[in-house]
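Taking it in order: structure first as C-alpha cells, then the write-up.
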Amino acid sequence: MAGSAYHEASLGHYQSTKRFDAVKRLYEEPLTTANAVAALERCSHEPVEVVDLGCGTADGYRLLSSANPGRSFNYTGVDIDTSMITAAANAYGNVATFIEANLLDATSIPADIYVSFGVPFSHLTPKEFMSFLSGLGEHVQKAKKTIHLVIDVLGRYSVEWSQHWDKFCWGYPMSFFEDTQTPPTCQMTFHTPDSITEAFAEAEQNTGARFADRQFIDRSPLVGRHTKTSQLDPTTARYRAHLNALFSGSAVQEDDLSFPSKTPDDSDAQTSYNALRAEWEDLLLKHDFSERTGASWVTLAHGLIAAISRAPAGGIGHSLLATTTVEPSRS
Ligand SMILES: C[S@@+](CC[C@H](N)C(=O)[O-])C[C@H]1O[C@@H](n2cnc3c(N)ncnc32)[C@H](O)[C@@H]1O
50 MAGSAYHEAS
60 LGHYQSTKRF
70 DAVKRLYEEP
80 LTTANAVAAL
90 ERCSHEPVEV
100 VDLGCGTADG
110 YRLLSSANPG
120 RSFNYTGVDI
130 DTSMITAAAN
140 AYGNVATFIE
150 ANLLDATSIP
160 ADIYVSFGVP
170 FSHLTPKEFM
180 SFLSGLGEHV
190 QKAKKTIHLV
200 IDVLGRYSVE
210 WSQHWDKFCW
220 GYPMSFFEDT
230 QTPPTCQMTF
240 HTPDSITEAF
250 AEAEQNTGAR
260 FADRQFIDRS
270 PLVGRHTKTS
280 QLDPTTARYR
290 AHLNALFSGS
300 AVQEDDLSFP
310 SKTPDDSDAQ
320 TSYNALRAEW
330 EDLLLKHDFS
340 ERTGASWVTL
350 AHGLIAAISR
360 APAGGIGHSL
370 LATTTVEPSR
380 S
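Here the sequence shown is numbered in my numbering, starting from 50 and rising by one per residue.
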C-alpha cells in the first residue's frame, strides 16, 4: 500500500533524529529491547526466526541487533506500507528480509516469535485484533508449533489523553511527529491488560490453542511522547519535557512535577496510578530542590524513571507491552 498522508508523515518522523530524546534513549528503548530479548529467550532453538509486525523503518532490527541478545536470529520485517519497506530494505536489506504485507496475513510467514514495536497493533480494530489472535491460534494448532508473541499497543488510560478515557477507539492525532508540518489523525484502538486478556481468552476458546505465560508492562506512564508538548491535552503537565531537562542536568520547578490529579474509573488503572503516585510524591518530598546542582537533577530523573518502571501494569502508559507464548493444545 503506497502513499497515505499518515505514511508520508510517519516516514518523516521515523527518519528524524529529533525523536531520540533522553527519555527515549535512557528509558524507552532499553525497556522495549529488554522485553523483546526476554521473549527471544523463551525460544528453545537457534537461529530464532523473528518476524517484526508493522516493522516501519526496522527500528526493531536496530534494537535487537544492538542488544546482542546472546541468541542468533534471522529477522523478517513486515509492513503494509511500501515506503516503510523500501526505507527498511535500504537500511538493512543486506542483513534482513522485508515483506510488504498486512500483518493480519503474517501467520503465513514462518516464525518462532512475532514481535512488534511502536504500537502497530493499535492500528487494528478490536475485530481485526481478534482475527489476528484467532488466526495465530489456528496456525499454532495446525502446525503443532509453539509461537511467542510480543504485542505493542497504546495504553487506554495514559494521562496524555484523559479526555478520551471513556472510549477504546478514537481519532488519534499524530501531533508528536517530528519534522512534520501537518500531523495526520488515525483511528486507533487503546488497550488495557484486561482488554488483551479477554481477547486471548476468546482466541483460546475459538481455536483451542493456549495463550500462556502472559506478561504486561506499561511503558511511559506520565512521560509519553505527548507530554513533550501537551498539545493533545493542554491541562496535562509536560512531564517528558521536564524529565528531559532533568536528565540534561537542568533545574525543574517542583510544581511542574506535581502528580496528575485525574483518576480513571477503571480499578486496575487506579491501582497503577496509586502505586506510582506514592513513589513519585515520596521522591519529590525527599529531593532537595534548593541544591540546584546538575548531578542532583540527574539523580532525580533516574529516581522518577525507576518509580515509573516499578508501577504495576494497568494500561496507564503511553503504550502497553503484552507478551505471551501460544501453545498447541495437548490433546
Ligand atoms: C508507529 S509505526 C512503528 C514502526 C516501527 N515498528 C517502529 O517501532 O519504529 C506503526 C507501523 O505499523 C504499520 N502498520 C499499521 N497497520 C498495519 C497492518 N495492518 N499490517 C502491517 N503493518 C501495519 C504502519 O505502516 C507503520 O509502519
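Here a beta-carbon is modelled for each residue, glycine too, at the ideal position from N, C-alpha and C.
### Task
Locate the beta strand (DSSP E) running through Leu353, then write down its first and last residues.
Boundaries for Leu353: no beta strand (DSSP E) harbours it, while the alpha helix (DSSP H) harbouring it runs Gly343 to Arg359, taken from the DSSP string.
### Query
Got a sec, what are the start and stop residues for the alpha helix (DSSP H) Thr390 sits in?
The shown model of the chain, from 50 to 380, leaves out residue 390, and the question about it has no answer.
### Task
Please go through the region 114–194 and give each complete beta strand (DSSP E) segment of 3 or more residues, from N-terminal end onward.
122–128, 146–149 and 162–164
### Sheet register partners of Arg268 (DSSP bridge)
In the DSSP output, where bridge partners are listed per residue, Arg268 has Ser368.
### Alpha-carbon to alpha-carbon, Val208 and Ala88
28 Å
### Query
Smallest Cα separation from Gly21: which of Gly257, Glu253, Ala290 and Phe265?
Only positions 50 to 380 of the chain appear in this structure, which leaves residue 21 out of reach.
### Message
Below 8 Å, how does it come out for the region 110–121 and the region 199–217: are there three or more Cβ pairs, yes or no?
### Response
no
### Task
Give the secondary structure of Ala286 by DSSP, where H, G and I count as helix, E and B as strand, and everything else as coil.
coil
### Task
Under the assumption that Pro169 contacts Leu152 (Cβ atoms under 8 Å), give the Cβ distance between them as a whole number of angstroms.
The Cβ separation is near 7 Å, so the contact holds.
### Inter-residue spacing [alpha-carbon to alpha-carbon] between Arg379 and Pro309
47 Å
### Task
Would you verify that the beta carbon of Thr373 is, or is not, closer than 7 Å to some beta carbon of chain D?
Absent from the structure: chain D. Only one protein chain is present.
### Task
Give a single yes or no on whether Pro377 has its beta carbon closer than 6 Å to a heavy atom of ligand 2.
As far as ligands go, the structure on display features ligand 1 and does not contain ligand 2.
### Task
Identify the continuous beta strand (DSSP E) that holds Thr246 and give its terminal residues.
Bounds of any beta strand (DSSP E) do not take in Thr246; it lies within the alpha helix (DSSP H) bounded by Pro242 to Thr256.
### 7 Å Cβ cutoff met for Ala261 and Thr374
yes
### Beta-carbon gap between Leu306 and Leu332 smaller than 7 Å
no
### Message
The alpha helix (DSSP H) that contains Trp329, what's its start and end?
### Response
Ser316 to Lys335
### Query
Should Ser269 be labelled buried (16 or more other beta-carbon atoms within 10 Å of its own) or exposed?
buried
### Query
Going by other Cβ atoms of all chains shown within 10 Å of its Cβ, with 16 needed for buried, is Ala155 buried or exposed?
By the 10 Å Cβ count, Ala155 comes out buried.
### Query
Is there contact between the region 94–108 and the region 127–142, where contact requires at least three CB pairs shorter than 8 Å?
Cβ pair count under 8 Å is three or more, so yes.
### Query
In three-state terms, what does DSSP make of Asp108?
helix
### Query
Relative to the C-alpha of Ile196, which residue among Tyr163, Phe239 and Phe178 is closest?
Tyr163
### Candidates Glu328, Ala344, Trp346 and Pro377: closest to Pro361 by CA position
Glu328
### Message
I believe Gly137 touches Thr82 by the beta-carbon criterion, under 8 Å. Please report the beta-carbon distance rounded to the nearest angstrom.
### Response
In the sequence on display, residue 137 carries Ala and not Gly. Incorrect: roughly 18 Å between the Cβ atoms, too far for contact.
#### Entry: Boundaries of the beta strand (DSSP E) in which Glu98 is found, first to last residue
Secondary structure note for Glu98: its beta strand (DSSP E) is the uninterrupted segment Val97 to Leu102.
#### Entry: Beta-bridge partners of Trp219, as assigned by DSSP
Met237
### Message
When you measure from the CB of Thr172 to every non-hydrogen atom of ligand 1, does any distance come out below 6 Å?
### Response
It should be noted that the sequence gives His, not Thr, for residue 172. Correct: His172 has its Cβ closer than 6 Å to ligand 1.
#### Entry: Per-residue DSSP class, three states only, for Glu376
Residue state, collapsed to three classes: strand.
### Task
Given a cut-off of 7 Å, decide if Asn323 and Ala71 are closer than it, judged by their beta-carbon atoms.
no
### Nearest-angstrom Cα separation, counted from Arg205 out to Ala355
22 Å
#### Entry: Rounded separation between Pro233 and Lys191 - CA only
40 Å
### Message
Helix, strand or coil for Arg205? Go by DSSP, reduced to three states.
### Response
coil
### Task
Can you check DSSP and say which residues form a bridge with Ala294?
Its beta-bridge partners do not exist; DSSP assigns none.
#### Entry: Member of Pro313, Ala344, Ala350 and Leu349 whose CA lies at the smallest distance from the CA of Gly366
Pro313
### Query
Between Ile158 and Phe147, is the Cβ-Cβ spacing less than 7 Å?
Their beta carbons are not under 7 Å apart, which means Ile158 does not touch Phe147 by this criterion.
### Query
In three-state DSSP terms, what is His275?
Helix.
### Message
Quick check: what's the CA-CA separation for His240 versus His188?
### Response
Whole-angstrom Cα-Cα distance: 24 Å.
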